[in-house]
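**Student:** The numbering of the sequence shown is UniProt numbering, which starts it at 241 and goes up by one. We put the beta carbon where it would ideally sit given N, CA and C, even for glycine. Keep in mind that this is a model prediction, so the values were computed, not measured. Before I ask anything, here is the structure I am working with.
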Amino acid sequence: ASLELGPYRHFMQKEIHEQPRAIADTIEAVIDNGAFAPELFGADAAEVLRDIEGVQILACGTSYYAGLTARYWIEAIAGLPCSVEIASEYRYRTAVANPKHLVVTISQSGETLDTMEALKYARSLGHDRTLSICNVPESAIPRASRLVYYTRAGAEIGVASTKAFTTQLVALFTLTATLAKLHGRLDATQEAEHLDALRHLPGSVQHALNLEPQVTGWAERFAPKDNALFLGRGVHYPIALEGALKLKEISYIHAEAYPAGELKHGPLALVDEAMPVVVIAPNDRLLEKVKSNMQEVRARGGELFVFTDEDSHFGPSDGVHVIRAPRHVGVLSPIVHTIPVQLLAYHVALARGTDVDKPRNLAKSVTVE
Ligand code: G6P
């Protein structure tokens, strides 16, 4: 294993650092094509996607959080209603199907039983427009779908998903832009802007990776904690969820994520000096709202660990630690802000001495119920 690991201590760390490459590989077809085009999703994609009226996303685990992120994009950019559901819930409830909705399954392995069964159930309800976003060519879920977009993350060995997640996000963004274009919601200028944003993404992710020494500095403070809270708003709320999931999976610290606006409806009762609160707070139109949520935490003695970007112009103060990504990257910001929460979970787990690549009780791919 040491040969394969190169300079890294664990596969998870290696896979975190492979993200600029994995993202560049995943968007290569789009960049080479110089435009968002249905053909990127399969031969008859133009026909399948043209008159859809909505999107239903089905997935489990980290892939479900990629879906939650995509909902913000699909509704805002493509103007299509989008629901996202945990596959194991969807498959066992009586759902109302609209055959004009596109069913999108997201699965790193392409073999997760609940996701496969949810897809079969959707088909039995009359959904025949199906698309899979998957990292393993010719696995079960893409084979059962009409359209597919393969992420090109390469083999992911660490049980906690990292590069699969960020490449799923770029695939979902590509889907969003393609749907927007097909539905007349993307003019040439906007298309060029989105392509440009994708082109610059591997570089922005690399800048976020360069924050690793600062994140490592936080890990020592987290290691002795029993609980942690993650907050985000809007498109960064699913990134807070993903950050909490990563931390609990590999460090065994109990972590929960909330949309920051929900703080006052419950989790604020948990906040005291012992509670570290991680906030994903890029400089977007919700920043002022997030700042007032942070004051609510500080007023109860909670210690804040804030991931932001250079444009946000606020610095550290008593009980407030700040790490800044270089600049706000716009619509792809949730992808960039995933990097520091992955690094935080990794370094906290390292400090606690857990089995990072093989956390207890978890499997890389769950092919049984
Ligand atoms: C397991 C893995 C997770 C993954 C989830 C869904 O729980 O440990 O990392 O997100 O399955 O897997 P999939 O292969 O369908 O994305």
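Could you spell out where the alpha helix (DSSP H) holding Ile292 opens and where it closes?
**Tutor:** Careful: Ile292 lies outside any alpha helix (DSSP H) and carries neither H nor E.
**Student:** Report the three-state DSSP secondary structure of Phe545 (helix, strand or coil).
**Tutor:** It is a strand residue.
**Student:** Less than 7 Å separating the Cβ of Gly319 from some heavy atom of ligand 1?
**Tutor:** Short note on Gly319: C-beta not closer than 7 Å to any heavy atom of ligand 1.
**Student:** Does DSSP put Phe554 in a helix, a strand or coil?
**Tutor:** Residue state, collapsed to three classes: coil.
**Student:** Of the residues Ser349, Arg592 and Ala432, which one's Cα is nearest the Cα of Pro464?
**Tutor:** Measuring from the Cα of Pro464, the nearest candidate turns out to be Arg592.
**Student:** Restricting to Cα atoms, I'd like to know which of Tyr312, Ala299, Glu268 and Thr370 is closest to Ala285.
**Tutor:** Thr370
**Student:** When you compare the segment 335-343 with the segment 514-530, are there three or more beta-carbon pairs, one atom per stretch, that lie closer than 8 Å?
**Tutor:** No, they do not touch.
**Student:** Identify the continuous beta strand (DSSP E) that holds His341 and give its terminal residues.
**Tutor:** From DSSP, the beta strand (DSSP E) with His341 extends over His341 to Ser347.
**Student:** So the candidates are Tyr492, Arg461, Glu496 and Leu451; which of them puts its Cα closest to the Cα of Gly472?
**Tutor:** Glu496
**Student:** Using DSSP's beta-bridge definition, name the partner residues of Glu496.
**Tutor:** Leu469
**Student:** Pick helix, strand or coil for Ser379, following the three-state DSSP scheme.
**Tutor:** coil
**Student:** Following a CB-centred definition, is Ala400 positioned closer than 7 Å to any heavy atom of ligand 1?
**Tutor:** True, at least one ligand heavy atom lies under 7 Å from that Cβ.
**Student:** Less than 6 Å between C-beta atoms, sequence neighbours within five positions excluded: which residues of the same chain meet that for His250?
**Tutor:** Val596 and Asp597
**Student:** Using three-state DSSP, classify Glu609 as helix, strand or coil.
**Tutor:** coil
**Student:** Between the segment 483-497 and the segment 317-326, do at least 3 Cβ pairs fall closer than 8 Å?
**Tutor:** no
**Student:** Using CA coordinates, which residue listed in Tyr492, Val324 and Ala283 is at the minimum distance from Asn601?
**Tutor:** Taking only the C-alpha atoms, the option nearest Asn601 is Tyr492.
**Student:** So what's Ala362 in DSSP terms, helix, strand or just coil?
**Tutor:** helix
**Student:** Just checking Val606 against ligand 1 - is the residue's beta carbon closer than 7 Å to any of the ligand's heavy atoms?
**Tutor:** yes
**Student:** From the DSSP output, read off the bridge partner residues of Tyr389.
**Tutor:** Per DSSP, Ile373.
**Student:** Assign Arg564 to one of three DSSP states: helix, strand, or coil.
**Tutor:** strand
**Student:** Leu298 bridges to which residues according to DSSP?
**Tutor:** DSSP output for Leu298 lists Glu325 and Thr345 as bridge partner(s).
**Student:** Under 7 Å from any heavy atom of ligand 1, does the C-beta of Ala497 make it?
**Tutor:** no
**Student:** Counting pairs of Cβ atoms below 8 Å between the segment 350-367 and the segment 319-334, do you hit three or more?
**Tutor:** yes
**Student:** Verify the contact flag: Thr578, CB atom, against every heavy atom of ligand 1, threshold strictly below 7 Å.
**Tutor:** no
**Student:** Measuring only from the beta carbon, is Ala358 closer than 7 Å to any heavy atom that is part of ligand 1?
**Tutor:** no
**Student:** For Ile267, which residues does DSSP report across the bridge?
**Tutor:** Note: Ile267 sits in no beta bridge, so no partner.
**Student:** Ends of the alpha helix (DSSP H) at residue 626?
**Tutor:** Here the chain covers residues 241 to 609 and nothing more, so residue 626 does not appear.
**Student:** Could you tell me the distance, in whole angstroms, from the CA atom of Arg290 to the CA atom of Val270?
**Tutor:** In a straight line, the C-alpha of Arg290 is about 19 Å away from that of Val270.
**Student:** Given this structure, state the Cα-to-Cα distance separating Arg564 from Tyr304, to the nearest angstrom.
**Tutor:** Approximately 27 Å, taken between the alpha carbons.
**Student:** Could you tell me the distance, in whole angstroms, from the CA atom of Gly394 to the CA atom of Gly541?
**Tutor:** Going from the Cα of Gly394 to the Cα of Gly541 covers about 43 Å.
**Student:** Does the Cβ of Ala603 lie closer than 7 Å to at least one heavy atom of ligand 1?
**Tutor:** The answer is yes for Ala603.
**Student:** What's the call for Leu584, buried or exposed, on a 16-neighbour Cβ count within 10 Å?
**Tutor:** buried
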